[in-house]
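Each residue of the sequence shown is one higher than the one before, counting from 240 in the working numbering.
Backbone N, C-alpha and C fix where the C-beta goes; we use that ideal spot for every residue, glycine too.
Quick caveat, the model's predicted, so the values are computed rather than measured.
One structure is given here, and the rest of the page talks about it.
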Amino acid sequence: MNQHQIIITQYNPNYAEQTVKMWRDSKEQAIGQKEIHSFENHVYFLNNILPEQFQINLALIDDRVVGMIAYNEKEISQLYIHIDYQGIGIGQTLLDKVKAKSSGRLTLYTFEVNENAQRFYERNGFKIIGRGHENEENLSDIQYEWISK
Numbered sequence: 240m241n242q243h244q245i246i247i248t249q250y251n252p253n254y255a256e257q258t259v260k261m262w263r264d265s266k267e268q269a270i271g272q273k274e275i276h277s278f279e280n281h282v283y284f285l286n287n288i289l290p291e292q293f294q295i296n297l298a299l300i301d302d303r304v305v306g307m308i309a310y311n312e313k314e315i316s317q318l319y320i321h322i323d324y325q326g327i328g329i330g331q332t333l334l335d336k337v338k339a340k341s342s343g344r345l346t347l348y349t350f351e352v353n354e355n356a357q358r359f360y361e362r363n364g365f366k367i368i369g370r371g372h373e374n375e376e377n378l379s380d381i382q383y384e385w386i387s388k
């Protein structure tokens, strides 16, 4: 898989269905729980609600969505990598771009059950600043913060 070129691009609604399928599959694998919203509602959220506060970038390989990140200068709202493409640097590439565009401080939440995400964020300089955030999934959250050195 490393022989393929990863292209990072602004989100385009033409990729909505691919993005939502990847997002749902990745999240389900990470937390062991089915998505509570319908596929159609998830597409609506991606196209209409998320962009109000966050920029969205996609990672593409051969025009296939293999990752996505939603962020602004202070917060990462979503970061998901296709389950078949995890561990090859896509998340790192997306995170590095967002760090470079940030205010020098980023916060995010991840589910406590998602130990892979915790290791990833901690390896990238994020520190735990809170626990127990309420969410629709009724799972314990960890809030992380990264501050540029």
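Outcome for residue i when other beta-carbon atoms lying within 10 angstroms are tallied against a minimum of 16
{"i": "His281", "result": "buried"}
{"i": "Phe278", "result": "exposed"}
Sequence-distant residues of the same chain with beta carbon closer than 7 angstroms to residue i, five excluded per side
{"i": "Glu351", "result": "Leu378, Ser379, Asp380 and Ile381"}
{"i": "Glu267", "result": "Lys273 and Glu274"}
Close Cβ partners of residue i (< 8 angstroms) along its chain, the five nearest in sequence each way excluded
{"i": "Ile368", "result": "Thr346, Gln382, Tyr383 and Glu384"}
{"i": "Lys313", "result": "Ser341, Ser342, Arg344, Leu345 and Thr346"}
{"i": "Thr258", "result": "Tyr250, Leu285, Leu297, Val304 and Met307"}
Other residues of its chain near residue i: CB distance less than 6 angstroms, five sequence neighbours each side excluded
{"i": "Glu269", "result": "Per the sequence presented here, residue 269 reads as Ala, with Glu not at that position. The residues are Asn353."}
Rounded distance between the beta-carbons of residue j and residue i, thought under 8 angstroms
{"i": "Ile320", "j": "Gly330", "result": "5 angstroms"}
Entirely within the segment 241 to 271 and at least 4 residues each: give me those alpha helix (DSSP H) ranges in chain order.
255 to 270
Can we say the segment 295 to 308 touches the segment 242 to 250, given the rule of at least three CB pairs closer than 8 angstroms?
yes
So within the segment 313 to 365, which uninterrupted beta strand (DSSP E) runs reach at least 3 residues, ignoring any that extend past its ends?
Qualifying beta strand (DSSP E) stretches, in chain order: 315 to 320 and 344 to 350.
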